[in-house]
Every structure is written in C-alpha cells, then in structure tokens.
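> Mind looking over this structure? Questions follow.
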Amino acid sequence: DTEVTQTPKHLVMGMTNKKSLKCEQHMGHRAMYWYKQKAKKPPELMFVYSYEKLSINESVPSRFSPECPNSSLLNLHLHALQPEDSALYLCASSYDSSGPQHFGDGTRLSIL
Amino acid sequence: GENVEQHPSTLSVQEGDSAVIKCTYSDSASNYFPWYKQELGKRPQLIIDIRSNVGEKKDQRIAVTLNKTAKHFSLHITETQPEDSAVYFCAFSTGRRALTFGSGTRLQVQP
Numbered sequence: 833d834t835e836v837t838q839t840p841k842h843l844v845m846g847m848t849n850k851k852s853l854k855c856e857q858h859m860g861h862r863a864m865y866w867y868k869q870k871a872k873k874p875p876e877l878m879f880v881y882s883y884e885k886l887s888i889n890e891s892v893p894s895r896f897s898p899e900c901p902n903s904s905l906l907n908l909h910l911h912a913l914q915p916e917d918s919a920l921y922l923c924a925s926s927y928d929s930s931g932p933q934h935f936g937d938g939t940r941l942s943i944l
Numbered sequence: 618g619e620n621v622e623q624h625p626s627t628l629s630v631q632e633g634d635s636a637v638i639k640c641t642y643s644d645s646a647s648n649y650f651p652w653y654k655q656e657l658g659k660r661p662q663l664i665i666d667i668r669s670n671v672g673e674k675k676d677q678r679i680a681v682t683l684n685k686t687a688k689h690f691s692l693h694i695t696e697t698q699p700e701d702s703a704v705y706f707c708a709f710s711t712g713r714r715a716l717t718f719g720s721g722t723r724l725q726v727q728p
C-alpha cells in the first residue's frame, strides 16, 4: 500500500463553519505534512508532524488547527476561514523527515 | 532564507525531443533534491530524486543531474511523449526542514 488517502475530495463551507480535513497512510511513515496549493503555484508547507509531534508550523493562522491522533492519521481542523483560504490542501507523508514525500490527491476547499 | 529558482516557467517541445528543466538553490547544506510531476487536477507525483553524494541518477527516460559546486540540479526527459505534458516542480531540503519547492515548469509535448 503506497497511498496517502485524503477526505473529503471537495469541500464547500461558509466563513462561520467548522470542518475537518482528514489524511491517512498505512506505509509506516513517521512524518506527515499539510500543504496548501493555489492554482498555478507550488505547494506551500503549512505543518509538519514527526513521530506524532508538531515539529514545524510555518506561521499558519490559528484558524487552521492540525492534529495527529496517531501515526497513521493527520487532521486539519478549519474554523472561521476566509475566501482567500480557498485552495487545494495536500497531505503528504514520508518515512522520516528527510525522506521522499508521497502526496495524497488533496481536498479542494472553497470558502463562500 | 532558503530559496530555489526554477527555469523555464513554460517549455514546449515536439514529441520525441528532449526537455531540460533547471533549478538553482541557495543553501549549501541542501542534501536531497526530488522532482515532482503534477498533471492537471492531480497530486504531485515523485518521479525521481537524488541525494548530494550522487552526481547523476537515471530512470528510463528520466534523469537528474546535480552540480553541488554551482548549486544547481536539472531534470532531463528524453524521447518526450504527449503524456509527459504536466507541471514539473523541483524541490530541495536540508534534512532539518521539509521540502522547499520551485515555482514550477509547465511542459507541453506537441504530438
């Protein structure tokens, strides 16, 4: 199994809603990542978890809240988002923080 | 800070020709250099990578070369096919931090 699975694939939410993005991998990878990707731009790193602990937060606004319940799961909790937060949110994982990263298909998020 | 420049931003080639994309990085501590292919609406897909102790790596029609002295690395695609059309991103890391991506190259292979 070499897959990173993300749900949902698409999400439309209002600025007052609370929702969560989910990411799962069963490759035994110990590092997991959240990226944000706007159209025609490269992925931008948001958070890194290493061995289930948050190791990097790239100055992301607090309306994005990551959570790593266990080594296979990564969540991104969303609250009071802005229209400019509309983007493709990608999850990735790697064996360790220096290894090749494998991406999920992403969640396409639209904020109304 | 960490920075990578990727050129060209767009590249159009005829089917069967070769394509070369180049990236220049700033941090001499960089030790890992992957290349990702992203088709429209799909995930970035790792296609080849190289570490700083190797100068060149090849996988069928794809090769990556690394020049540590000049701090640049390049993706070479030979005998291009229409299905190679995509956006290609270079990236690098120092091992202490996660990947920093280049701005991307849109490759179009004309049949």
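Chain order of the listed sequences is B and D. Numbering (the numbering used here) for the first sequence: 833 to 944. Numbering (the numbering used here) for the second sequence: 618 to 728. Cβ atoms here follow ideal geometry from the backbone N, Cα and C, with glycine treated the same way.
1. Taking all protein chains shown into account, decide if LYS659 (chain D) is buried (16 or more other Cβ within 10 angstroms of its Cβ) or exposed.
2. Just the C-alpha distance for TYR642 (chain D) and GLY712 (chain D), rounded to the nearest angstrom, thanks.
3. With DSSP run on the structure shown, which of helix, strand or coil describes GLU916 (chain B)?
4. Are the stretch 922-935 of chain B and the stretch 847-866 of chain B touching by the rule of at least three beta carbon pairs closer than 8 Å?
5. Looking at chain D, is there any beta carbon in it that lies within less than 9 Å of the beta carbon of GLN933 (chain B)?
6. Please state if the CB of LEU913 (chain B) and the CB of ILE943 (chain B) are separated by a distance shorter than 9 Å.
7. When you compare each of B:ASP928, B:GLY938 and B:TYR921 to MET878 (chain B) by their alpha carbons, which one comes out closest?
8. Candidates D:ALA687, D:SER691 and D:ASP676: which alpha carbon is nearest ASP644 (chain D)'s?
9. Considering only their Cβ atoms, is the gap separating SER710 (chain D) from TYR649 (chain D) smaller than 9 Å?
10. Tell me which residue opens and which closes the beta strand (DSSP E) that SER930 (chain B) is part of.
11. At 3 residues or longer, and completely inside the stretch 842-911 of chain B: list those beta strand (DSSP E) runs for me, N to C.
12. CB GLU876 (chain B) to CB LYS885 (chain B), shorter than 9 Å?
13. Is there at least one Cβ from chain D nearer than 9 Å to SER929 (chain B)'s Cβ?
14. Going by DSSP in three states, PRO699 (chain D) sits in which element: helix, strand or coil?
15. For chain B, check one thing: does any of its Cβ atoms lie closer than 9 Å to the Cβ of ASN648 (chain D)?
16. Determine whether the beta carbon atoms of SER629 (chain D) and GLN698 (chain D) lie at a separation below 9 Å.
17. Classify GLN662 (chain D): buried if its beta carbon has 16 or more other beta carbons within 10 angstroms, exposed otherwise.
18. What are the boundary residues of the beta strand (DSSP E) that LEU637 (chain D) is part of?
19. Which residues share a DSSP beta bridge with GLN655 (chain D)?
20. Taking DSSP as the reference, what is the three-state secondary structure of THR711 (chain D)?
Let me lay it out:
1. exposed
2. 15 Å
3. helix
4. yes
5. yes
6. yes
7. B:TYR921
8. D:ALA687
9. yes
10. First-last for SER930 (chain B): undefined, no H or E at that position.
11. 842-845, 850-857, 863-869, 876-882, 885-889, 896-902 and 905-911
12. no
13. yes
14. helix
15. yes
16. no
17. exposed
18. The sequence given here has Val at residue 637 (chain D), not Leu. First-last of the beta strand (DSSP E) with VAL637 (chain D): 636-642.
19. D:VAL704
20. coil
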